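Peer 1:
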Amino acid sequence: MQDDIDNMFRKIHRTFKRMNNKCDNIEILNSILNEQLGCGEFSVQPATITNCMTNLHGFCVYYKEYKAFIPQHEVYRSKNTLIKAMGETLNEAEIILPNYVSIGVISHHCGQINKAPSREMKILAGERSLTSMFPPEVLSLLVIEHYTKFPVLEKCLVQIRETTETYCLGLYRSAITTLLPCIESTIRSLGIRLGIDEPENVGTQFLLSIYDAWLKFYINDYVYRDYDWKPICISSKEFFSGFEERYQIALNGRNYIEKHLYQNTQSDTGISNLNRHSILHGFMTEYYTKGNYLRLINLLNNLYFMLTISGDPVSLFLPCDTVQSKSFLLNLSIFERTGMSRAIFLDKQNILR
17 MQDDIDNMFR
27 KIHRTFKRMN
37 NKCDNIEILN
47 SILNEQLGCG
57 EFSVQPATIT
67 NCMTNLHGFC
77 VYYKEYKAFI
87 PQHEVYRSKN
97 TLIKAMGETL
107 NEAEIILPNY
117 VSIGVISHHC
127 GQINKAPSRE
137 MKILAGERSL
147 TSMFPPEVLS
157 LLVIEHYTKF
167 PVLEKCLVQI
177 RETTETYCLG
187 LYRSAITTLL
197 PCIESTIRSL
207 GIRLGIDEPE
217 NVGTQFLLSI
227 YDAWLKFYIN
237 DYVYRDYDWK
247 PICISSKEFF
257 SGFEERYQIA
267 LNGRNYIEKH
277 LYQNTQSDTG
287 ISNLNRHSIL
297 HGFMTEYYTK
307 GNYLRLINLL
317 NNLYFMLTIS
327 GDPVSLFLPC
337 DTVQSKSFLL
347 NLSIFERTGM
357 SRAIFLDKQN
367 ILR
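Using our numbering, the letters of the sequence shown correspond one by one to residues 17 to 369.
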């Protein structure tokens, strides 16, 4: 948009706020537009943006080839801190907000984590929550019916599926170290979708920049995709993180990657020991737990949610059982029994596992 057009819409918006505190009177707006744009040079009508979780009410102004959104004052008061608060509670257990799980279920698990009296107990409560939310039945649906819908996952789909089998065998070291490259591959695939393709760049900041690009994409190209202009104040990170649930979910995943999974080993203050650098560079912390594998599955789901929003025609809900997913679940059940027998044998022989 040309600077002069941008400045004109800014002036119209400022004047409207000054003359009509609630910014809800179309006749006042019309008179301002007549003065600034000229009679017959524009059209204006009430408009509601429905591309986000909370409807945003205002007015659509057509001028030349441009469409501008002038928000009503109530838009600035948009607040929804429930998901954000849940995310902060889950973060205490070093978990991110889960996708494909109902708010009621998430709320229950947040309650369990809140009751835990120490960081260590919160980690354990979080791991119990993850085990409850992602049993083999759900893992089977994810790898057989859900992940297969994403074309960008083709090169790592078998590897992801094999990690669920390894996990059910109780081989948590192998499951986690095999799944970690799939996380990075998925982030890169998201970056390519957003026009960011640097195959030689392996830095943490590069991966975080892909998350940041998605957050920007969500605001400008998803929520406001029908408009050429909107006030800066309703397109900021601060505004969206205060009320928009999808934005809060993605931001929660981004913060986890920055603070824990891809944090410098010496700077990671987490106690779950799920740190990509310390694991893959051989510092060998005690990362091999059921909970840590499921933390990665939960993060993958966060990324696939973002891929869906950015263009993949995949449901934001878990699919129903199919013959194939039920068959694979039986396969996982066999691995679970085998893993249990293995654990009993190793323990009896005093062999470390």
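Built from N, CA and C at the ideal position, the CB exists for glycine as well.
Please read all numbers here as calculations on a predicted model, not as lab measurements.
Using the Cα positions of Asn107 and Glu143, report the straight-line distance between them to the nearest angstrom.
Peer 2: 12 Å
Peer 1: For the putative contact between Ile160 and Tyr82, defined by C-beta atoms under 8 Å, what is the C-beta separation to the nearest angstrom?
Peer 2: Going by Cβ atoms, the distance from Ile160 to Tyr82 rounds to 47 Å, so no, they are not a contact pair.
Peer 1: For Ala84, which residues does DSSP report across the bridge?
Peer 2: Note: Ala84 sits in a beta bridge opposite Val77, Trp245.
Peer 1: Exposed or buried, His162, counting other C-beta atoms within 10 Å across all chains shown (16 or more means buried)?
Peer 2: By the 10 Å Cβ count, His162 comes out buried.
Peer 1: In angstroms with no decimal places, state the Cα-to-Cα distance between Arg204 and Glu216.
Peer 2: 11 Å
Peer 1: Would you kindly check if the distance between the Cβ of Phe166 and the Cβ of Leu312 is under 9 Å?
Peer 2: no
Peer 1: Provide the residue span of the beta strand (DSSP E) that contains Val239, from first to last.
Peer 2: No beta strand (DSSP E) holds Val239; DSSP gives it neither H nor E.
Peer 1: In this structure, how does DSSP classify Val117 when only helix, strand and coil are distinguished?
Peer 2: In this structure, Val117 counts as coil in the three-state DSSP scheme.
Peer 1: Check whether the Cβ atoms of Gly286 and Glu51 lie closer than 9 Å to each other.
Peer 2: no
Peer 1: Could you tell me if Thr305 is buried or exposed, where buried requires 16 or more neighbouring beta carbons within 10 angstroms of its beta carbon?
Peer 2: buried
Peer 1: Do Tyr320 and Asn115 count as a contact pair if the criterion is CB distance below 9 Å?
Peer 2: yes
Peer 1: According to DSSP, is Ile65 helix, strand or coil?
Peer 2: strand
Peer 1: Quick check on DSSP: helix, strand or coil for Ser59?
Peer 2: strand
Peer 1: Could you tell me the boundaries of the alpha helix (DSSP H) in which Phe222 lies?
Peer 2: 220-233
Peer 1: Whole angstroms is fine: what's the gap from Ser201's alpha carbon to Val239's?
Peer 2: 27 Å
Peer 1: Among Ser123, Met356, Thr182, Thr193, which one has its Cα closest to the Cα of Gly8?
Peer 2: The requested residue 8 is not part of the displayed model; the chain covers only 17 to 369.
Peer 1: What separation, rounded to the nearest whole angstrom, lies between the Cα atoms of Val91 and Gln18?
Peer 2: 26 Å
Peer 1: What whole-angstrom Cβ distance do Ile99 and Cys39 have, given they're in contact under 8 Å?
Peer 2: Contact check for Ile99 and Cys39: beta-carbon distance about 27 Å, past the 8 Å limit, so the pair fails to qualify.
Peer 1: Taking Cβ to Cβ, would you say Leu187 is nearer than 9 Å to Gly307?
Peer 2: no
Peer 1: Work out the CA separation of Trp230 and Phe259 for me, nearest whole Å.
Peer 2: 17 Å
Peer 1: Is the beta carbon of Ile273 closer than 9 Å to that of Leu315?
Peer 2: yes
Peer 1: What are the partner residues of Leu72, as DSSP defines its beta bridges?
Peer 2: Ile65
Peer 1: Hey, which unbroken runs of the alpha helix (DSSP H) at 4 residues or more fall wholly within the region 95-151?
Peer 2: Qualifying alpha helix (DSSP H) stretches, in chain order: 98-108, 119-131, 135-149.
Peer 1: I think His73 touches Thr64, with their Cβ atoms under 8 Å apart; what is that distance to the nearest whole Å?
Peer 2: Contact between His73 and Thr64 holds: CB atoms are separated by about 5 Å, below the 8 Å threshold.
Peer 1: Please list the terminal residues of the continuous alpha helix (DSSP H) segment that includes Gln175.
Peer 2: 173-184
Peer 1: Can you tell me where the alpha helix (DSSP H) with Thr324 in it begins and where it stops?
Peer 2: 306-325
Peer 1: Quick one: residues in its chain with C-beta nearer than 6 Å to the C-beta of Lys246, no 5 flanking neighbours on either side, listed in chain order?
Peer 2: Phe85, Tyr240
Peer 1: Buried or exposed: where does Thr180 fall if 16 or more other Cβ atoms within 10 Å of its Cβ makes it buried?
Peer 2: Buried, by the Cβ-count rule.
Peer 1: By the three-class DSSP mapping on this structure, what secondary structure does Met24 have?
Peer 2: Here Met24 sits in helix by DSSP.
Peer 1: Where Glu57 and Phe32 are concerned, what is the direct C-alpha to C-alpha distance, given to the nearest angstrom?
Peer 2: 18 Å
Peer 1: State the Cα-Cα distance for the pair Met24 and Leu49, rounded to the nearest angstrom.
Peer 2: 10 Å
Peer 1: What residue from Thr220, Ile226, Arg262, Ile235 has the CA that sits closest to Leu332's CA?
Peer 2: Arg262
Peer 1: Classify Gln9 as buried or exposed, calling it buried when 16 or more other Cβ atoms lie within 10 Å of its own Cβ.
Peer 2: With the chain covering only 17 through 369, there is no way to say anything about residue 9.
Peer 1: Give me the Cα-Cα distance between Asn318 and Lys275, rounded to the nearest whole angstrom.
Peer 2: Whole-angstrom Cα-Cα distance: 16 Å.
Peer 1: Checking 9 Å against the spacing of the C-beta atoms, do Gly103 and Leu113 come in under that value?
Peer 2: yes
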